[in-house]
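From first to last, the protein sequence lines stand for chains A and R. Sequential numbering from 17 applies to the first sequence in this note's numbering. Sequential numbering from 17 applies to the second sequence in this note's numbering. Report on the structure given below.
Number of protein chains: 2
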Amino acid sequence: MNEYELIDQIRGKAWSHKLVSRSIGDDAAIVDTTTDQQFVVTADMLMDKVHFDVSSDPPQLIGRKCLAVNLSDCAAMAAEPMAAFISLALPRTLSDGWVGEFLRGITDLAWEYETEIAGGDTNVWNGPLVVNITLLGQVSRGKAVLRQGAKPGDRIFVTGPLGGSRGSKQFTFVPRVKEALELNRQFQPTAMVDLSDGLATDLRHLCRASGCGAVIEADAIPISSAVESKDPLRSAMTDGEDFELCFCLPPGRADALKKRSQILSCAVYDIGEITAGDKLVLRDLEGHTRPLDWYGYVHG
Amino acid sequence: MNEYELIDQIRGKAWSHKLVSRSIGDDAAIVDTTTDQQFVVTADMLMDKVHFDVSSDPPQLIGRKCLAVNLSDCAAMAAEPMAAFISLALPRTLSDGWVGEFLRGITDLAWEYETEIAGGDTNVWNGPLVVNITLLGQVSRGKAVLRQGAKPGDRIFVTGPLGGSRGSKQFTFVPRVKEALELNRQFQPTAMVDLSDGLATDLRHLCRASGCGAVIEADAIPISSAVESKDPLRSAMTDGEDFELCFCLPPGRADALKKRSQILSCAVYDIGEITAGDKLVLRDLEGHTRPLDWYGYVHG
C-alpha cells in the first residue's frame with residue numbers, strides 16, 4: 017500500500033465535519049471559525065512496545081486506542097471533537113491487511129465521535145510503529161473545564177472503576193466525551209482531568225493547577241474487577257490508562273448530581289473532597305489519614 | 017531530564033501568541049477565534065535515518081528542521097503561523113545536552129516566526145528519535161491559497177534555486193512565510209504548493225488539483241549550485257526538500273510581479289505556463305517537448 021492508497025483508505029471512510037472546509041489533499045487543512053467558539057487542541061504520540069504491542073495486539077484495537085486517548089483529553093476539557101490529524105511512521109514489515117485493519121480502528125471510532133480525519137502525514141521506515149494524532153475540538157467561549165478552578169469544599173468524582181486497565185480495557189475504554197458535555201451543561205464542574213497516568217498522579221495535577229489539596233476516602237475508591245494485585249487500592253490509584261474523568265463540584269451541585277446521576281451514561285463515584293493547602297491525603301474508614309505519596313504509571 | 021523538566025525548557029523560551037488562551041499544562045490547549053478568520057492545520061512527522069541522522073547532524077538543526085517543514089506548509093497556504101504542538105519519542109540514550117540543543121533549534125525558530133509552542137506529548141523509549149509537529153495557522157476567511165485554482169495561461173514561478181538540498185540547505189532553508197503573505201497581499205496567486213518532494217512531483221499535485229497541465233521551460237529552471245549530479249536538470253526537479261514555493265499567476269499579475277520582484281525578500285523565477293489538459297511537459301531551447309515523467313524523492 018503506497019501513501020496515496022493509504023490516504024484514499026482513510027478518506028473513503030471518514031466523517032465530514034461542517035467546519036472543516038478543506039481536508040486531506042492540500043498543504044494544510046482549513047477549519048472555519050464561528051463567533052462565540054474556542055478551539056481546543058491536544059496531541060498524543062503512541063509507540064510500539066510502550067503503548068501497544070504490534071506483535072500481539074489486534075491492529076484495529078491499536079488504531080482505536082490511538083484516537084481514543086485524544087478523545088479522552090478532549091472530553092477532559094468538556095469540548096466536542098471536530099477533526100483529527102494522523103501522522104504515521106509505519107514499519108515496512110506491516111502487511112497491507114494489518115494497516116487496513118489499523119486504519120479501520122481509527123476511522124470507525126472517528127465516525128462514532130463525528131470527527132473528521134482532516135489531514136496528517138504518512139511515512140514508511142525500518143523502525144517500529146509510531147502514531148501521533150492531534151485532535152481539534154470546539155467549545156463555547158469560556159466554557160472549557162480546566163484543571164484549575166477547584167475550590168476547598170468541592171466534592172471529587174470519578175466516572176468509573178479504576179485500575180487493572182492494562183490487562184483489560186486499555187484498548188476498549190469509552191472516551192467520556194458525551195458524558196463530559198452533559199456534565200458541563202447540567203452541573204458545570206469547577207475542574208476536570210482525564211485519568212491517563214492514574215488517579216494519584218492526575219489528581220495531583222488538578223490540585224496543583226487549582227492551588228489546593230484533597231482528602232480521598234480510601235473505601236470510596238471504585239476498584240475495577242480487573243485489578244489482581246495484592247494491593248488493590250494502590251493499583252486502582254496508580255495503574256493508569258483508566259481514561260475515566262475526575263472532576264470537582266461544589267457541595268450543592270454534587271448533591272444534585274448524585275440525585276440525578278442516571279442522566280449520565282456512566283457511573284459517578286464521590287471519592288473525596290478538595291481542601292485548602294496543598295496536601296493530598298488518604299483517609300480510611302476509622303478516620304486515620306496518611307499522605308497520598310503514590311505516583312502513577314510513567315511510560316518508558 | 018524528565019518530562020516536566022523538558023516541558024519547562026520549552027515553556028521558558030516560547031513565544032506567546034495572543035490567540036492562544038491556554039497553553040502547555042492542561043489536557044489540551046485553548047485557541048481563540050475571531051470572525052473573518054480561518055485556521056489552517058498541518059502535520060509533519062520526521063524520523064531518525066529518514067529525515068535526519070541523530071548520529072551525525074547537529075541537534076539544533078534537527079530541531080529547526082522539524083518545525084521549518086511545517087512552517088513551509090503553512091506558507092504554501094499563505095497563512096500566518098500561530099501555534100505548534102510537538103510530540104516526541106526520545107531515545108533513552110540521548111543526553112540532556114543533546115535534547116536541550118534540539119529543543120533550542122525548535123524554540124529559536126518558533127520565536128522568529130512568532131509561533132507559540134502550545135502543547136504536545138513527550139515520551140522516552142528504546143527506539144529511534146521520532147518528532148511530530150502539528151502547526152496551527154490563521155488566514156483571513158477565503159484568502160488561503162490552495163493547490164487548486166490555477167488556470168491555463170497562468171505563469172508558473174518558483175522562489176529559489178532547486179536541487180541538491182540534501183547536501184546543503186535541508187536543515188537551514190528559510191520557510192517562505194513572509195514571502196507568501198506578501199505575495200498573496202499584492203498578487204493573489206491562483207494556486208500554490210511548497211516543494212518538499214521535488215518540483216516534478218509537487219507541480220503534478222498542483223496541476224491535478226487544478227485540473228490542468230503545464231509546460232516547463234527547461235532552461236528557465238534555476239539549478240542550485242549545490243547540485244553535483246550528471247543530470248543537473250533532473251536533480252533540480254526531483255531531489256526534493258527544496259522548501260521553496262511554486263505558485264501561479266495570470267499573465268498580467270505575473271508581469272507586475274516581475275517588475276516589482278524586489279518587494280519580496282526572495283528571488284522569483286518564471287519557469288513555465290499552465291496549460292489545458294492534464295499533461296506535464298518539458299520544453300527545451302529549440303522548442304522540442306517531452307513528457308515530464310520524472311518523479312520526485314519518496315522518503316523511505
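Glycine included, every Cβ here is placed at the ideal spot set by N, Cα and C.
Nearest-angstrom Cα separation, counted from residue j out to residue i
| i | j | result |
| --- | --- | --- |
| residue 240/A | residue 193/A | 21 Å |
| residue 78/R | residue 70/R | 8 Å |
| residue 43/R | residue 117/A | 29 Å |
| residue 217/A | residue 210/A | 11 Å |
| residue 204/R | residue 27/R | 36 Å |
| residue 304/A | residue 233/A | 10 Å |
| residue 156/R | residue 202/R | 15 Å |
| residue 139/R | residue 176/R | 37 Å |
| residue 207/R | residue 275/R | 20 Å |
| residue 178/R | residue 19/R | 40 Å |
| residue 225/A | residue 249/A | 25 Å |
| residue 12/A | residue 290/A | Lying outside 17 to 316, the shown extent of chain A, residue 12/A is not represented and no answer is given. |
| residue 184/R | residue 51/R | 42 Å |
| residue 74/R | residue 111/R | 13 Å |
| residue 268/R | residue 231/R | 18 Å |
| residue 247/A | residue 307/A | 16 Å |
| residue 252/A | residue 215/A | 8 Å |
| residue 270/A | residue 288/A | 11 Å |
| residue 170/A | residue 41/R | 22 Å |
| residue 128/R | residue 121/R | 11 Å |
| residue 103/R | residue 154/R | 21 Å |
Three-state secondary structure (DSSP) of residue i
| i | result |
| --- | --- |
| residue 316/R | Because residue 316/R sits at a pLDDT of 41, beneath the cut-off of 50, its placement in the model cannot be relied upon, and the point is left open. |
| residue 154/A | strand |
| residue 237/A | coil |
| residue 20/A | helix |
| residue 307/R | strand |
| residue 250/A | helix |
| residue 176/R | coil |
| residue 263/R | strand |
| residue 171/A | strand |
| residue 182/R | helix |
| residue 299/R | strand |
First and last residue of the uninterrupted alpha helix (DSSP H) at residue i
| i | result |
| --- | --- |
| residue 269/A | 267–275 |
8 Å Cβ shell around residue i - same chain, five flanking residues per side excluded
| i | result |
| --- | --- |
| residue 47/R | 35, 36, 37, 55, 98, 99, 134 and 152 |
| residue 316/R | In this prediction, residue 316/R scores a pLDDT of 41, lower than 50, which makes its location untrustworthy; no coordinate-derived value is stated. |
| residue 181/R | 189, 240, 242, 255, 256, 257, 258 and 259 |
| residue 33/A | 98, 99, 130, 131, 132 and 134 |
| residue 108/A | 140, 141 and 142 |
| residue 200/A | 94, 159 and 161 |
Neighbourhood of residue i by C-beta, 6 Å cutoff - its chain only, sequence neighbours within 5 removed
| i | result |
| --- | --- |
| residue 91/R | 191, 192, 193 and 196 |
| residue 150/A | 59 and 101 |
| residue 300/A | 234 |
| residue 63/R | 146 |
| residue 187/A | 77 and 81 |
| residue 106/A | 140 |
| residue 294/R | 229 |
| residue 22/R | 138 |
| residue 298/R | 232, 234, 306 and 308 |
| residue 88/A | 191, 210 and 259 |
Cβ shell of residue i (< 7 Å), same chain only, five flanking positions each side left out
| i | result |
| --- | --- |
| residue 160/A | 54, 56, 93, 94 and 95 |
| residue 25/A | 116 and 119 |
| residue 39/A | 45, 132, 134 and 135 |
| residue 198/R | 279 and 280 |
| residue 220/R | 296 |
| residue 126/R | 30, 31, 83, 100 and 133 |
| residue 309/A | none |
| residue 285/R | 173, 174, 236 and 238 |
| residue 245/R | 251 |
Cutoff 8 Å: residue i Cβ touching any chain C Cβ
| i | result |
| --- | --- |
| residue 203/A | Absence of chain C from the displayed structure is noted, the protein chains being A and R. |
Start and end residues, beta strand (DSSP E) containing residue i
| i | result |
| --- | --- |
| residue 257/A | Unbroken run through residue 257/A: none, as it is neither H nor E. |
| residue 288/R | 285–291 |
*Inside the region 32–61 of chain R only - alpha helix (DSSP H) runs reaching at least 4 residues*: Qualifying alpha helix (DSSP H) stretches: none in this window.
*Let me know the beta strand (DSSP E) ranges lying completely inside the region 189–235 of chain R, each 3 residues or longer, listed in chain order.*
207–210 and 229–233
*Scan the region 54–139 of chain R and note each continuous alpha helix (DSSP H) run of 4 residues or more that stays entirely inside, going in chain order.*
75–92 and 112–128
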